[in-house]
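Q:
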Amino acid sequence: MNQNIYVLIEHLQEKVTEISYIMIAAARDLAKETGGKVVAVLLGKNAEGLASSLATDSVLYADHVALAEFTADAYQKTVASLIQESEPRAFLFGNTSIGSDVASVVSARLSLPLISSCSQINDGKLTSKICGGKIMAESELAETTTLITIIPGGYKAEEGQSENSPEVKSFNAPALDDLRVTLKQYIEPEAGDVDISKETILVAIGRGIQTEDNIELAEELAEFLGGTVCSSRPVVDQGWLPTSRMVGKSGQTVKPKLYLALGISGAPEHVEGMAESEMIVAINMDPNAPIFDIATYGVEFDFFDLIDPLLEQLEEAKG
Amino acid sequence: MANIVAIVKMVPDLVEELEINDEGTGLDRDWLRLIINEFDNHAIEQAILLKERDGGEITVIAPEAEGVEDMLFTTAAKGADRMIKLAGDFEEGVNNHALARAFAETAKNHQPDLILTGVQANDDLDGPVGPLVAEYLGMPYVGYISNVTLEEGKAIVQKEYPGGLIGEMEVRLPAVLGIQAGEEPPRYVAISKVRQMMKTAEIDEQEIPELDLSGGITTSRMYLPEAAERAEMIEGDEDEIATKLIAIFKEVGAL
């Protein structure tokens, strides 16, 4: 085994995704501890150009038609064979639709330990956020190659970007035949009535809104503020708001001037889509809600007790 | 007619206050209130939708935990045909590698065409269960799924990517799918129907003699987050808070 830290670069539709840069920043912290190099692992077809923005010591690139787009089978096989050949100290994946499909399967296939949902690496200690961000768990690299999945929160994407194109070395993908998963097509998201990523004032609702009828209250408030209602995942899964209004991991990333979070606990999947907001005001009954750790202002209160006086005073202020 | 297995686990209810054990290495399970993993609940809904559409049978497998029997009877009331409880050293909490081996061993006996499970759970520390089960059974895995259609020998699934992009994938069966959201929100079922199931339906108990924990991680320390910066908390009664909030809204130019 060597001391190098490998990072599986994620890309979609010819663009490196943000989590890839976050992983590179995390890998650099880990490499300081192991004394190894940070190596980006890029898989694709004619995708070598994507290597140029990566702030790593080098890039290992596999070019293969079966790797043109992400599919689980082809990625798993390629990553597993690369680990067997080169035995890095650790291999970082995004805790994402791409990385999660690869890391766990490779862990089971090669009997390698896996640490998931890691957001921060300090002095060789890996901190994972679990239970919706309410619990932190610390662990260390195992004796063997350790697989790690990374969530956003601890590093900024810019820390993993560079203009000095790193050296690219090619490696051969293993035999990629008899693949059981294939991509048929991409389906672009339907455009919503509003593009929440362009709104400057957002009133966000979460599970705490309780019923579909209560959304009206948030809409009334949004109207006063000249803003738009958006939400965390559970509201969209209930069918109460369209997917175009969803903020977070598989939804939109927003950076409004004001993000007013009503009954949103602040699980990492949601926070990654709104943490860069200029001001966050959070109203939540749970004093331990992680949203209070990132908010500018917090109110520990039942939103439903607050809404009437708030609307009344807004009405008065409007005069 | 698909033979579907749904893999389900109970997880901490995050509405309750969570505490750390005396050793500082795990959750204090004495005080833990458990609920069904919400993504597993979506997986069950997806399984029932597939059964309603194409016929077939659903077997639900869950490890022993506080409240697991009520949960299994609820899935029966929704339309599951068989419920299996894994008995063994699960109560203290085990890692997902061990759990996945137990699930895989049990699921194998039912020769499933399709295994559905939640894409993740809030207490996962060594990756989600689904892809581990898939690899232990030599089946393909695709996660972050929000739509499933069954065809002869294959499934057409919609996989979610950031920003709302969907990848439509074809997956050869048998396969394991990690469900992010069912096509419909999880249905409610009348408590009377659940009670009826408690009288008529049976839960199979499957003994798992030994748990193999390898592949999981050792947590050296578990703790509640100590925020470096916390929000400035606004105090007062309803009216006072409303006044202060409006001042803040004005300050950022929202009014």
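If you read the protein sequences in the order shown, they are chains A and B. Here the first sequence is numbered in my numbering, starting from 439 and rising by one per residue. Here the second sequence is numbered in my numbering, starting from -18 and rising by one per residue. Backbone N, C-alpha and C fix where the C-beta goes; we use that ideal spot for every residue, glycine too.
Do you know how far the Cα of A/S682 is from the Cα of A/C668?
A: A/C668 and A/S682: Cα-Cα distance of roughly 9 Å.
Q: Rank A/N442, A/E658, A/K636 by C-alpha distance to the C-alpha of A/L749 and give the top, closest one.
A: Ranking the options by Cα distance to A/L749, first place goes to A/E658.
Q: Identify the continuous beta strand (DSSP E) that holds B/T40 and give its terminal residues.
A: Counting along the chain, the beta strand (DSSP E) containing B/T40 begins and ends at 37 to 44.
Q: Can you confirm whether the region 585 to 599 of chain A touches the region 452 to 468 of chain A when touching is taken to mean that 3 or more C-beta pairs between the two stretches lie within less than 8 Å?
A: Yes, they touch.
Q: Closest to A/P725 by CA distance: which of B/M(-9), B/E38, B/I(-15), B/V(-4) is it?
A: That would be B/V(-4), whose Cα lies nearest to the Cα of A/P725.
Q: Mind checking if A/L679 is an interface residue toward chain B, Cβ cutoff 9 Å exclusive?
A: It does not: the Cβ of A/L679 has no partner Cβ on chain B nearer than 9 Å.
Q: Could you compute how far the alpha carbon of B/E141 sits from the alpha carbon of B/P166?
A: About 17 Å.
Q: To the nearest angstrom, how far is the alpha carbon of A/I553 from that of A/N440?
A: Between A/I553 and A/N440, the C-alpha separation is close to 19 Å.
Q: Which of the three DSSP states is assigned to B/L236 in this structure?
A: DSSP places B/L236 in coil when its eight states are reduced to three.
Q: Along the region 187 to 217 of chain B, what residues have a CB closer than 8 Å to any CB found in chain A?
A: Answer in chain order: S195, G196, G197, I198, T199, T200, S201, R202, M203, Y204, L205, P206, A208, E210, R211, A212, E213, M214, I215.
Q: Hey, how far is the Cα of A/S496 from the Cα of A/V503?
A: Cα to Cα, A/S496 sits roughly 23 Å from A/V503.
Q: Quick check: the region 443 to 453 of chain A against the region 523 to 533 of chain A, are there 3 or more CB pairs under 8 Å?
A: Enough Cβ pairs lie closer than 8 Å, so yes.
Q: For A/L614, which of A/H708, A/V737, A/A510 has the nearest alpha-carbon?
A: Looking at the Cα atoms, A/A510 is the closest of the given residues.
Q: At a Cβ threshold of 9 Å, is A/M439 touching chain B?
A: Taking Cβ atoms only, chain B never reaches closer than 9 Å to A/M439, which makes this a no.
Q: Can you tell me whether B/N77 is helix, strand or coil according to DSSP?
A: Residue state, collapsed to three classes: helix.
Q: Pull up the CB-CB distance for B/E162 and A/D633, whole angstroms please, since I reckon it's below 8 Å.
A: In the sequence under discussion, the amino acid at residue 162 of chain B is Ala, which differs from the Glu named in the question. Contact flag wrong, Cβ pair sits at about 22 Å.
Q: So, with DSSP's three-state summary, where would you put A/G473?
A: Of the three classes helix, strand and coil, the one that applies to A/G473 here is coil, per DSSP.
Q: Give me, in chain order, the residues of the same chain whose beta-carbon lies closer than 7 Å to that of B/A81; leave out the 5 immediate sequence neighbours on both sides.
A: Excluding positions up to five away in sequence, the list reads V110, L113, V114, Y117.
Q: Could you please give me the residues that DSSP links to B/E186 through a beta bridge?
A: Its beta-bridge partners are B/K66.
Q: Where does B/Q27 land, buried or exposed, given buried means 16+ other C-beta within 10 angstroms?
A: Per the 10 Å Cβ criterion, buried.
Q: Please state the DSSP three-state secondary structure of A/T681.
A: In the structure shown, A/T681 sits in a helix (DSSP, three-state: H, G or I).
Q: Which residues share a DSSP beta bridge with B/N128?
A: Answer is B/Q139.
Q: So what does DSSP say about B/Y169, is it helix, strand or coil?
A: It is coil, neither helix nor strand.
Q: Could you work out which residue in A/D467, A/I588, A/I573 is closest to B/D(-6) when comparing CA atoms only?
A: Among A/D467, A/I588, A/I573, the Cα nearest to that of B/D(-6) belongs to A/I573.
Q: Using DSSP bridges, identify the partner residues of A/M574.
A: A/M574 pairs with A/K567, B/Y204.
Q: Identify, in the order they occur along the chain, each residue of the same chain with its Cβ nearer than 6 Å to the Cβ of B/F230, setting aside the five sequence neighbours on each side.
A: Correct list, in chain order: L236.
Q: Only counting the same chain, and skipping five residues up and downstream in sequence, which positions put a Cβ closer than 7 Å to that of B/Q139?
A: The residues are I126, S127, N128, I147, E149.
Q: Please classify A/T584: is it buried, with 16 or more other beta-carbons within 10 angstroms of its beta-carbon, or exposed?
A: With 16 or more Cβ atoms within 10 Å of its Cβ, A/T584 is classed as buried.
Q: Step through the CB atoms of chain B and report whether any lies within less than 9 Å of the CB of A/T583.
A: It does not: the Cβ of A/T583 has no partner Cβ on chain B nearer than 9 Å.
Q: How big is the Cα-Cα spacing for B/E221 and B/A102?
A: Between B/E221 and B/A102, the C-alpha separation is close to 39 Å.
Q: Helix, strand or coil for A/V445? Go by DSSP, reduced to three states.
A: Correct three-state label for A/V445: strand.
Q: Find the residues of chain B that neighbour A/R547, judging by a C-beta separation of less than 8 Å, and give them in chain order.
A: Ordered by position in chain B, the residues that pass the 8 Å Cβ test against A/R547 are E116.
Q: Mind checking A/E714: buried by the 16 CB within 10 Å criterion, or exposed?
A: Exposed: under 16 other Cβ atoms inside 10 Å.
Q: Quick check on DSSP: helix, strand or coil for A/S603?
A: If DSSP states are grouped into helix, strand and coil, A/S603 belongs with coil.
Q: Mind checking B/N22: buried by the 16 CB within 10 Å criterion, or exposed?
A: By the neighbour-count rule (16 or more Cβ atoms within 10 Å), B/N22 is buried.
Q: Taking 8 Å as the cut-off, does the region 52 to 68 of chain B touch the region 178 to 197 of chain B (at least 3 CB pairs, one atom from each stretch)?
A: They touch, by the three-pair rule.
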